[in-house]
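**Q**
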Amino acid sequence: MDREFLPRCLFVCASTLFTGSLRLGERLRYGRAIRRTEIHPSPIFIIGHWRSGTTFLHHLLCRDKRFGYLTTFQAMAPGFFLIGGGRIKRFLERETRKRYPTRLIDNVPLLLDAPEEDEFALANMSPYSFLHGFSFPRRVRYFFERYVLLEGISHAELERWEGTYLTLLRKATLASGGKRLVLKNCANTARIRVLLRLFPEAKFIHIYRNPYRVFLSTLHLHRTVLPRSQLQRVDPREIEENVLEFYERLMKRYLADRHLIPAGNLVEVRFEDLERAPLDELRRIYGELRLPGFAAAEPDFRAYLRSVSGYRKNTYRLDPAAIAVVNRRWGFALERWGYERLEPEQVPS
246 MDREFLPRCL
256 FVCASTLFTG
266 SLRLGERLRY
276 GRAIRRTEIH
286 PSPIFIIGHW
296 RSGTTFLHHL
306 LCRDKRFGYL
316 TTFQAMAPGF
326 FLIGGGRIKR
336 FLERETRKRY
346 PTRLIDNVPL
356 LLDAPEEDEF
366 ALANMSPYSF
376 LHGFSFPRRV
386 RYFFERYVLL
396 EGISHAELER
406 WEGTYLTLLR
416 KATLASGGKR
426 LVLKNCANTA
436 RIRVLLRLFP
446 EAKFIHIYRN
456 PYRVFLSTLH
466 LHRTVLPRSQ
476 LQRVDPREIE
486 ENVLEFYERL
496 MKRYLADRHL
506 IPAGNLVEVR
516 FEDLERAPLD
526 ELRRIYGELR
536 LPGFAAAEPD
546 FRAYLRSVSG
556 YRKNTYRLDP
566 AAIAVVNRRW
576 GFALERWGYE
586 RLEPEQVPS
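Residue numbers 246 to 594, in this note's numbering, belong to the letters of the sequence shown in order.
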């Protein structure tokens with residue numbers, strides 16, 4: 246037997262008992278308050294494929310102090326963050342600062358009070374998340390179809406997913422003092438029907454980006470995260486195929502369902518425009534969604550933009566093979582959002 250096996254098992258058992266006691270403590274102390282908390286009827290959902298600029302937009306929009314959001318710490322500890330914001334959070338801050346000063350996939354600082362994607366919290370709360378596919382990559386299509394596209398999911402399981410999500414949003418609302426939530430979740434791009442049933446007055450911001458760039462960046466995401474999280478080995482060719490298929494199915498589902506969003510509740514943002522003129526795009530977002538308070542929040546937007554002015558994006562080499570596969574599989578997106586279609590011979594091999 247591996248000498249480390251028993252210590253690891255003991256650590257897992259101790260951790261499970263510790264976090265379980267914290268969850269129980271939170272339910273006893275805050276259970277009634279959580280159940281009574283009313284979520285703002287018109288939350289703002291930031292959607293779009295992974296690596297399309299959702300994080301930048303989320304961090305920027307959450308500088309408006311009228312909005313609430315789920316934080317990184319809350320996503321890490323969704324079962325007990327209402328009582329774990331003291332010593333536990335300080336411990337995690339020290340460890341995070343020491344081990345992961347930035348996210349693994351890019352150069353964005355990893356701060357526990359920063360806005361975070363709520364899918365991470367869902368994955369930590371339940372089995373109903375696409376992110377579990379990074380631990381079990383041979384089953385990633387199952388997780389994608391079941392918990393992103395919501396295909397093949399039973400009515401009872403869908404109700405449990407909805408209940409888990411609503412509990413998370415009630416807790417985030419309670420922690421933010423009842424503010425209207427700004428929620429960023431790329432998987433929500435395919436969940437418009439369910440989200441509208443839960444929140445008929447919801448606002449949606451869809452951000453999109455040049456598909457060539459998205460393809461290379463998403464491949465980088467999978468190739469960076471999988472070695473650190475996978476419990477199964479998977480053929481590298483399968484990783485690329487999954488990236489291609491998931492984008493195609495996610496974006497086609499969005500294009501099929503976007504008409505369900507009431508007029509005035511959806512705005513589409515081109516990442517390149519947001520990057521070039523962020524304040525102009527924010528002003529347009531506020532105007533098209535009829536959100537008040539842009540002028541009051543503008544100084545905070547400007548301060549945040551100054552703070553990230555030195556940020557450097559990852560760079561990727563666009564080769565003929567990448568151009569050819571994007572043209573073949575994602576040509577519909579190039580056409581739909583007006584990006585120039587390149588040809589493989591335009592880039593030297």
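Idealized CB from N, CA, C, for every residue including glycine.
All of these numbers come straight from a predicted model, not from anything done at the bench.
#1: Here's the rule: buried if 16 or more other CB atoms are within 10 angstroms of the residue's CB, otherwise exposed. What is V512?
#2: CA-CA distance, L308 and W582?
#3: For G313, write down the residues that DSSP places opposite it in a beta bridge.
#4: Less than 7 Å between C-beta atoms, sequence neighbours within five positions excluded: which residues of the same chain meet that for A569?
#5: For the candidate residues R281, E517 and E485, whose alpha-carbon lies nearest to that of T299?
#6: Rounded C-beta distance between V427 and F312? I'm assuming under 8 Å.
#7: Going by the beta-carbon positions, is the gap between L419 and Y275 smaller than 9 Å?
#8: Under 9 Å, do F234 and K497 count as touching if we go by C-beta distance?
#9: Below 8 Å CB to CB, which residues in the same chain sit around R405 once its five sequence neighbours on both sides are set aside?
#10: Three or more beta-carbon pairs under 8 Å between the region 289-306 and the region 454-474, yes or no?
#11: Under three-state DSSP, which class holds I284?
#12: Using 8 Å for Cβ pairs, my map puts Y453 next to A567. What's the rounded Cβ distance?
#13: Per DSSP, which one or two residues make a beta bridge with V514?
#14: State the Cα-Cα distance for the pair S421 and I333, rounded to the nearest angstrom.
#15: With 16 as the cutoff for other CB atoms within 10 Å, does P382 come out buried or exposed?
#16: Evaluate W575 with the Cβ neighbour count: other Cβ atoms within 10 Å of its Cβ, from every protein chain shown; 16 or more gives buried, anything less gives exposed.
#17: Just to check my reading of the structure: L206 and E364 have Cβ atoms closer than 8 Å, yes? What is that Cβ distance to the nearest angstrom?
#18: With the cut-off set at 9 Å, would you say H303 and K429 are in Cβ contact?
#19: Quickly, what does DSSP pair P472 with across the bridge? List them, please.
#20: List the endpoints of the continuous alpha helix (DSSP H) containing F539.
#21: Should A501 be labelled buried (16 or more other beta-carbon atoms within 10 Å of its own) or exposed?
#22: Is the distance from the Cβ of V470 to the Cβ of F379 below 9 Å?
#23: For G509 and P537, what's the separation of their Cα atoms in angstroms?
#24: Measuring only the C-alpha atoms, how far is Y345 from S474?
#25: Alpha carbon to alpha carbon, how far is L550 from V514?
#26: Compute the beta-carbon to beta-carbon distance between L640 and F546, rounded to the nearest angstrom, for a pair I have assumed lies under 8 Å.
#27: With a 10 Å radius around its C-beta and 16 neighbouring C-beta atoms as the bar for buried, classify H467 as buried or exposed.
#28: May I have the straight-line CA-CA distance separating G555 from Y499, to the nearest angstrom?
#29: Measuring CA to CA, which of T409, S399 and L395 is closest to I437?
#30: Just reading off the alpha helix (DSSP H) that I484 is part of, what are its end residues?
#31: Take the Cβ of T347 as the centre, count every other Cβ of all protein chains shown within 10 Å, and call the residue buried at 16 or more, exposed below.
#32: What do you reckon, are the CB atoms on E361 and A320 nearer than 9 Å?
**A** So, to answer that:
#1: Taking the sequence shown and counting its residues from 1, one reaches residue 512 at position 267. So V512 ends up on the buried side.
#2: Sequence index remark: in the sequence shown, residue 308 carries index 63 (1-based). Sequence index remark: in the sequence shown, residue 582 carries index 337 (1-based). A small fix is needed here, since residue 308 is Arg in this sequence, not Leu. If you take the alpha carbons of R308 and W582, they lie about 28 Å apart.
#3: Numbered from its first residue, the sequence shown carries residue 313 at position 68. For G313, which the question treats as bridged, DSSP gives the partners L426.
#4: What you label residue 569 is simply residue 324 of the sequence shown in a count that begins at 1. Correct list, in chain order: P589.
#5: The residue you call residue 299 lines up with position 54 of the sequence shown. Comparing Cα-Cα distances from T299 to each of R281, E517 and E485, the minimum goes to E517.
#6: Counting from 1 along the sequence shown, the entry for residue 427 is found at position 182. Counting from 1 along the sequence shown, the entry for residue 312 is found at position 67. Distance from V427 to F312 at the Cβ level is roughly 5 Å; contact confirmed, criterion being Cβ atoms closer than 8 Å.
#7: Here residue 419 refers to the residue found at position 174 when the sequence shown is read from its first residue. Here residue 275 refers to the residue found at position 30 when the sequence shown is read from its first residue. Taking 9 Å as the cut-off, the Cβ atoms of L419 and Y275 count as close.
#8: Residue 234 is absent from the model: the chain starts at 246 and stops at 594.
#9: Here residue 405 corresponds to residue number 160 of the sequence shown, with the count starting at 1. Excluding sequence neighbours, R405 sits near S371 and Y373.
#10: yes
#11: As a first step, residue 284 is located in the sequence shown; it is residue number 39 there, counting from the start. Three-state DSSP puts I284 in coil, outside helix and strand.
#12: Position 208 of the sequence shown holds residue 453. Position 322 of the sequence shown holds residue 567. Between Y453 and A567 the beta-carbon gap is near 18 Å, outside 8 Å, which marks them as no contact.
#13: Translated into the one-based positions of the sequence shown, residue 514 becomes position 269. V514 pairs with I452.
#14: Here residue 421 refers to the residue found at position 176 when the sequence shown is read from its first residue. Here residue 333 refers to the residue found at position 88 when the sequence shown is read from its first residue. Answer to the nearest angstrom: the Cα atoms are 19 Å apart.
#15: Position 137 of the sequence shown, counted from the first residue, corresponds to residue 382. By the neighbour-count rule (16 or more Cβ atoms within 10 Å), P382 is buried.
#16: Taking the first residue of the sequence shown as 1, we reach residue 575 at position 330. W575 is buried by the Cβ-count criterion.
#17: Because the chain here runs from 246 to 594, residue 206 falls outside it and cannot be looked at.
#18: As a first step, residue 303 is located in the sequence shown; it is residue number 58 there, counting from the start. As a first step, residue 429 is located in the sequence shown; it is residue number 184 there, counting from the start. The answer is yes: Cβ separation under 9 Å.
#19: As a position in the sequence shown, residue 472 is number 227, starting the count at 1. None; P472 has no bridge partner.
#20: Numbered from 1 along the sequence shown, position 294 holds the residue referred to as residue 539. In the DSSP annotation of this structure, the continuous segment of the alpha helix (DSSP H) that includes F539 starts and ends at F539 to S552.
#21: The residue given as residue 501 occupies position 256 in the sequence shown. Exposed is the call here.
#22: Along the sequence shown, one-based indexing puts residue 470 at 225. Along the sequence shown, one-based indexing puts residue 379 at 134. Yes, these two residues count as a Cβ contact at 9 Å.
#23: To locate residue 509, count along the sequence shown from 1; it is residue 264. To locate residue 537, count along the sequence shown from 1; it is residue 292. Distance between the alpha carbons of G509 and P537: 14 Å.
#24: Against the sequence shown, residue 345 aligns to sequence position 100. Against the sequence shown, residue 474 aligns to sequence position 229. When rounded, the distance between both Cα atoms is 15 Å.
#25: For the purposes of this step, residue 550 is taken as residue 305 along the sequence shown, with counting starting at 1. For the purposes of this step, residue 514 is taken as residue 269 along the sequence shown, with counting starting at 1. Distance between the alpha carbons of L550 and V514 is about 18 Å.
#26: The requested residue 640 does not occur in the structure, where the chain is confined to residues 246 to 594.
#27: Numbered from 1 along the sequence shown, position 222 holds the residue referred to as residue 467. Buried is the call here.
#28: Here residue 555 refers to the residue found at position 310 of the sequence shown. Here residue 499 refers to the residue found at position 254 of the sequence shown. Going from the Cα of G555 to the Cα of Y499 covers about 33 Å.
#29: For the purposes of this step, residue 437 is identified with residue 192 of the sequence shown, where counting begins at 1. That would be L395, whose Cα lies nearest to the Cα of I437.
#30: Locating residue 484 in the sequence shown gives position 239, where the first residue counts as 1. Start and end: P481 to D502.
#31: If you number the sequence shown from 1, residue 347 lands on position 102. Exposed.
#32: Looking up residue 361 in the sequence shown gives position 116. Looking up residue 320 in the sequence shown gives position 75. Against a cut-off of 9 Å, the Cβ pair of A320 and E361 comes out as a contact.
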